[in-house]
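With positions in the sequence shown counted from 1, the corresponding number in this note's numbering is that position plus 963.
Notes to accompany the following structure.
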Amino acid sequence: MAANQAFYDAHEQRDLAAMAAVWDNSDRAVCVHPGWPILRGWLAVEESWRGIFGGPGRNQFIVTNDVVAVEGDLAWVTLDENLVDVAATGTIAATNLFARTASGWKLVLHHGSPVMFRG
């Protein structure tokens, strides 16, 4: 799904404008970064990305175990984000939920949780 790839491209490039283009810039945007509280509404989500992009290091992701499902105007992607970074490595289990809008597929929910063990 191109919209999902655009999310990871924006993240890796630390490009806030590209990240904003991926998201539904409305009150229905919800983001849960690993270890963070729930962020509701585009303004809170945008501020979180501004802080992440302004921090040290750069994240590179190798996405694995990705599965896309589409039903009507909703699509969700479940996947593993494998972080490759000098400062941090590990795997994040993530869900990205997209809604079809007049301007294309927009991210309305990103939820990432660290994988602590493999069962």
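All C-beta atoms, glycine included, are put in the ideal place defined by N, C-alpha and C.
Notebook entry, point to check: Do the CB positions of residue 1009 and residue 983 come within less than 8 Å of each other?
Noted result: yes
Check: Below 8 Å, can you find three or more Cβ-Cβ pairs linking the region 996–1009 to the region 1019–1030?
Finding: no
Notebook entry, point to check: When DSSP labels each residue in this structure, what does residue 1066 get in the three-state scheme?
Noted result: coil
Margin query: Can you find the residues in the same chain that come closer than 7 Å, C-beta to C-beta, to residue 979, ignoring five residues on each side of it along the sequence?
Written below: 1012, 1013 and 1016
Next item on the list: Please report how far the alpha carbon of residue 975 lies from the alpha carbon of residue 1022, in whole angstroms.
Entry: 5 Å
Margin query: Restricting to runs no shorter than 3 residues, where is the beta strand (DSSP E) found entirely within the region 1012–1056?
Written below: 1023–1034 and 1037–1047
Note to self: Less than 8 Å between C-beta atoms, sequence neighbours within five positions excluded: which residues of the same chain meet that for residue 1034?
What the structure shows: none
Next item on the list: Give the range of the alpha helix (DSSP H) segment to which residue 985 is assigned.
Entry: 979–985
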